[in-house]
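*Asks:* Below: one structure in C-alpha cells.
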Amino acid sequence: MDEKGANIDLLFRNGLKDFEVLPPPGLWDGIHSAIKMKTRPIIYLRAAAAVTVLLTMSLLAYRWSREMSLGPAGSVIAFNVPASSPVIYKPIDNTQYLPEKKYNTDNNSSNVLVETENQVAINEEIETIASPEQILNVPESKSLYLTKNELINGLELKPLNSPKGNPIAIQYPDLQYPPVNTVAKPVKRWSIEALASPTYYSTFTSGNDQLTSQLTSTEDPLFSYSGGVSFSYKISKRFSIQSGIYYSSLGQRIDGIYSFSGFQKYNESKGSPSFKVPTTSGTVYTSNPDVFLAAYGNGKVYTTYTNDVFDPNKASLQYISNSLTQNLSYLELPVIVRYKVIDKMIGINIIGGLSYNLLVSNSAYAMKDGTKYSVGDTKGLNPLALSSSLGMGMEYNLSDKLSLNLEPTFRYYLDPFSITTGSLIHPYSFGIFSGVSYKF
Amino acid sequence: MSEIKKIIKGCLAGSRRDQELLYRRHSAKLYAVCLQYSGNDEEARDILQEGFIKIFENLHHYKHEGSFEGWMRRITVNTALEKFRTRHSLYRVDDIDTIQEPDAEPDNQDYAGLEANDLLEIIRELPTKYRMVFNLYAIEGYSHKEIGEMINISEGTSKSNLSRARVILQRRVGSYTGIKKKVANG
C-alpha cells in the first residue's frame, strides 16, 4: 500500500508540477481595487510622518537659531557721546559686537562708556533693569571703576565676570566713534513670493455608491503641479495676509478604457459625442469623431455603438491605448493668512486660507508613444471651486530682503469638481512648494 | 538587478504597471494551485484574489532568499487553508472519518495518458479534508504532524485521511485511464 501510495503521490506531484490555468478575466481589477484601497492609509501615514519630520526640523531650527542669537556671554560696546551730554543706554543688540578700543584716559573732554568682552559690564542683567530710554548721567572728568555694584541715576551697574584688579572702566576719551544711531529701521511690510511644487492629487469619497467605487478603482492620479506668484502684507509683527495667482494642473489616468483611431468612416453620429466615459471628476464626452472607445474590466463607456451595432474587431481600427488621461487646469486666487511662529534667521510660519479656483481648461486624451490623441473633454465640471489650504512655511533669510521658502501645503477642495455621480467626491492635493520671496 | 527584483521594487513603490505584471506572470500557476485546493471555481477565484492581496501586502517581508514563486505559493496555500479552517470550524475534526470507505484496494494501474487537467479534476472530486491532507502531504511535502496542526486534526487522522485519499485517487485514476483507453481504441 505504501508503495502504491508513493506512486500515486508521485503521479499527482509530477503531473501537477508547473501546471497552469488562466484565471478568469476581470479578477485583476478586483485585486487592484483592494490593494489600492489598502495602500491609501499608507499614503496618509507617510504624510503624517513627513509632517512630523518637518515639525521636528522646525523645532531644531528654532533651538539652533535661538542659541545662535544668544551669542557669547559678553559684548564689546562703546558709546561715544559729546561732552556733557548724557550716555544713553540702549538694550544691547546681541548680534552686534564692536571692536575693543584703547582710549586716551587723559582726555576728559567727552563722556565714553566702555564695555569690553573681558572687562564686561553691561550685559543682559543691566538690560533687565534699564529701560531703553533710561538715561545715565556720568559726571565729567571722572574715571569710573566698578569693583562692586554701583547705583548711578537709579541704574544699578554690576561688575559681572570682572576679574579682581581689572575693573570696568568708564572713561572720557576723545570722540572717536559716531553716535549710535537710535532711529529705528523702517519695517518691510510687503513681500513678493514665487513658488512652485509638484503635487499629489487624489480624492476623498463619501457614500457607498457602487458606480463610484467602480470608477475610483480605475482611476490613478498623475503627476500634477502648481505654481504662481503672490504678494503678502505684514499686518503685525506675526500676522501677514497674502494673495496672488497660482496655476494648477491636475490629472488622472482612467484605466480600462481602450481607444482606437480610424473610426471616422464608421461614425454616423454627425457631430454629437459617440462615447461617454463617467469619471469621479465628471463625464468625458468624445469630440474627436475618429476615436473609438471600448471598456474593459471596471472601465465604463456609454455608447450607441454597442457590439450588436458595431463590431470593432471587424473594422480596421488602430489601437492607441488602454487608458484615458483626464487633465484639468485651474487658476487659483487665494486669500491666505500667515502666522509667524518663529522669526529668526530660519522662520517658521503657519499658513491657512481659502482659494477660489477657476477652471481654465480641461481635456481628455489617449497617449501612444508620447503622442497625445485628443479624445474630448469633461462636462459637468464646476467652473468655480472653493478650496481650503493648510500648511507650514519654512523661511531661510538670505538677507533682510531675500529669503528661500519651503512650504508643505495640504489643499482640500470644499466644492467637488463635479456632482455627476451619486457620491460626494472631494479632491485634495498635497505639495511641497519651494521658491523665493523678496521683502520691500 | 534581476527582472523580478525590479518588478518587486516597482510593486513596493506602488507602480500599478509592475503589480499587474507580477499578476500576469504568476496568476496562471497560482490559480492552478487554488483549483487544486478548492472544490469549485468560485472558491478558487476567491483564494487567488485573497492570496494576491496578501502577496502585495506582504511583499516587503520577502527578503529575496529562496524562490519567489515558492514564497507566493506558500501564501496561496495558506490562504486556502484559512478558508478551509473557517468553513470547517463548526464541525468536529474527525467527521471526515464517517465518509464511506472504498470497497477494495485497486489493482496496479497503468497511468499513461493522464494529463494535468485530468489529475486536477480527479483531485478536486475528493472530499474536502481528504483533498487537503493529500495536497499538503503528497504535493507540498508537509509531515502528518504539521498537517495536523495546520488543519486542526490529529496526526493519526491525517494518516488515515491520506490513506483513504490515495485509495479513492487510485480508483478514479483507474477509471479515467480505462475510459481514455476505450476512447483511444474507438
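The listed protein sequences correspond, in order, to chains F and E.
If you want the numbering used here, it's the position in the first sequence, counting the first as 1, plus 329.
If you want the numbering used here, it's the position in the second sequence, counting the first as 1, plus 454.
Beta carbons: idealized from backbone N, C-alpha and C, even for Gly.
According to DSSP, is residue 590 (chain F) helix, strand or coil?
*Replies:* strand
*Asks:* Can you tell me where the alpha helix (DSSP H) holding residue 485 (chain E) begins and where it ends?
*Replies:* 470-491
*Asks:* Cutting at 6 Å between CB atoms, please list the residues of its own chain near residue 547 (chain F), excluding the five before and the five after it.
*Replies:* 583, 584, 585, 627, 628
*Asks:* Within 8 Å (strictly less), CB to CB, does residue 529 (chain E) reach chain F?
*Replies:* It does not: the Cβ of residue 529 (chain E) has no partner Cβ on chain F nearer than 8 Å.
*Asks:* Would residue 678 (chain F) and residue 709 (chain F) qualify as a contact pair, given that the criterion is a beta-carbon distance under 8 Å?
*Replies:* no
*Asks:* Nearest CA to the CA of residue 687 (chain F): which residue from F:698, F:712, F:643?
*Replies:* F:712
*Asks:* Determine the burial state of residue 609 (chain F): buried for a count of at least 16 other Cβ atoms within 10 Å of its Cβ, exposed for fewer.
*Replies:* By the neighbour-count rule (16 or more Cβ atoms within 10 Å), residue 609 (chain F) is buried.
*Asks:* Give the range of the alpha helix (DSSP H) segment to which residue 738 (chain F) is assigned.
*Replies:* Unbroken run through residue 738 (chain F) is the beta strand (DSSP E), 731-742; no alpha helix (DSSP H).
*Asks:* Which residue marks the beginning of the beta strand (DSSP E) containing residue 516 (chain F), and which one marks its end?
*Replies:* Careful: residue 516 (chain F) lies outside any beta strand (DSSP E) and carries neither H nor E.
*Asks:* I'd like to know if residue 759 (chain F) contacts chain E, where contact means its C-beta is closer than 8 Å to some C-beta of that chain.
*Replies:* For residue 759 (chain F), the answer is no, since every Cβ of chain E falls outside 8 Å of its Cβ.
*Asks:* With DSSP collapsed to three states, give me the class of residue 686 (chain F).
*Replies:* Secondary structure of residue 686 (chain F) (DSSP, three-state): strand.
*Asks:* So, under 8 Å CB-CB, residue 691 (chain F) and residue 656 (chain F) are touching, yes? Tell me the CB distance rounded to an integer number of Å.
*Replies:* Going by Cβ atoms, the distance from residue 691 (chain F) to residue 656 (chain F) rounds to 7 Å, so yes, they are a contact pair.
*Asks:* Give the DSSP-derived three-state secondary structure of residue 632 (chain F) in the structure shown.
*Replies:* In the structure shown, residue 632 (chain F) sits in a strand (DSSP, three-state: E or B).
*Asks:* Can you name, in chain order, every residue of its own chain whose Cβ lies under 7 Å from the Cβ of residue 670 (chain F), other than the five neighbours on each side?
*Replies:* 677, 678, 679
*Asks:* Anything in chain F within Cβ reach of residue 481 (chain E), meaning under 7 Å, just list it in chain order.
*Replies:* Close to residue 481 (chain E), with beta-carbon spacing below 7 Å, are these residues of chain F in chain order: 352.
*Asks:* Does the separation of the CB atoms of residue 589 (chain F) and residue 641 (chain F) fall below 8 Å?
*Replies:* yes
*Asks:* Would you kindly work out how many angstroms separate the C-alpha atoms of residue 650 (chain F) and residue 768 (chain F), rounded to a whole number?
*Replies:* 49 Å
*Asks:* Between the region 615-628 of chain E and chain F, which residues of the former have a C-beta closer than 8 Å to a C-beta of the latter?
*Replies:* 616, 617, 620, 623, 624, 627
*Asks:* Taking buried to mean at least 16 other C-beta atoms within 10 Å of its own C-beta, is residue 420 (chain F) buried or exposed?
*Replies:* The predicted position of residue 420 (chain F) is uncertain, since its pLDDT is 46 and thus under 50; no value can be drawn from it.
*Asks:* Residue 356 (chain F) touches chain E at which residues, Cβ-Cβ below 9 Å?
*Replies:* 477, 481, 485, 499, 502, 503, 506
*Asks:* Whose C-beta lies closer than 8 Å to the C-beta of residue 364 (chain F) among residues of the same chain, with five residues either side of it excluded?
*Replies:* none
*Asks:* Given residue 667 (chain F), which residues of its chain have a CB within under 8 Å of its CB, disregarding the five upstream and five downstream residues?
*Replies:* If we look at residue 667 (chain F) and ignore the five residues flanking it on each side, its Cβ neighbours are 561, 568, 569, 570, 571, 678, 679, 680, 722.
*Asks:* For residue 515 (chain E), count the other beta carbons within 10 Å of its own beta carbon; 16 or more makes it buried, fewer makes it exposed. Which is it?
*Replies:* exposed
*Asks:* Taking the alpha carbon of residue 572 (chain E) as the point to measure from, which residue in E:488, E:627, E:620, E:468 has its own alpha carbon closest?
*Replies:* E:627
*Asks:* Counting only beta-carbon atoms, is residue 457 (chain E) nearer than 8 Å to chain F?
*Replies:* no
*Asks:* Using three-state DSSP, classify residue 768 (chain F) as helix, strand or coil.
*Replies:* strand
*Asks:* Taking a contact to mean a Cβ-Cβ separation below 8 Å, would you say residue 715 (chain F) touches residue 685 (chain F) in this structure?
*Replies:* yes
*Asks:* Which residue comes first and which comes last in the alpha helix (DSSP H) that contains residue 517 (chain E)?
*Replies:* From DSSP, residue 517 (chain E) is part of no alpha helix (DSSP H); its letter is neither H nor E.
*Asks:* What residue range is occupied by the uninterrupted beta strand (DSSP E) comprising residue 666 (chain F)?
*Replies:* 647-671
*Asks:* Comparing the C-beta of residue 649 (chain F) with each C-beta of chain E, is any distance below 8 Å?
*Replies:* no
*Asks:* Report the neighbours of residue 577 (chain E) on chain F: residues whose CB is nearer than 7 Å to its CB, in chain order.
*Replies:* 341
*Asks:* What residues are listed by DSSP as bridge partners for residue 718 (chain F)?
*Replies:* F:682, F:740
*Asks:* Taking the C-alpha atoms as reference points, what is the distance between residue 622 (chain F) and residue 579 (chain E)?
*Replies:* 44 Å
*Asks:* Do you know how far the Cα of residue 357 (chain F) is from the Cα of residue 485 (chain E)?
*Replies:* 12 Å
*Asks:* Name the chain E residues whose beta carbon is nearer than 8 Å to that of residue 359 (chain F)?
*Replies:* 503
*Asks:* Specify whether the region 335-346 of chain F and the region 592-603 of chain E touch according to this definition: at least 3 beta carbon pairs, one from each stretch, less than 8 Å apart.
*Replies:* yes
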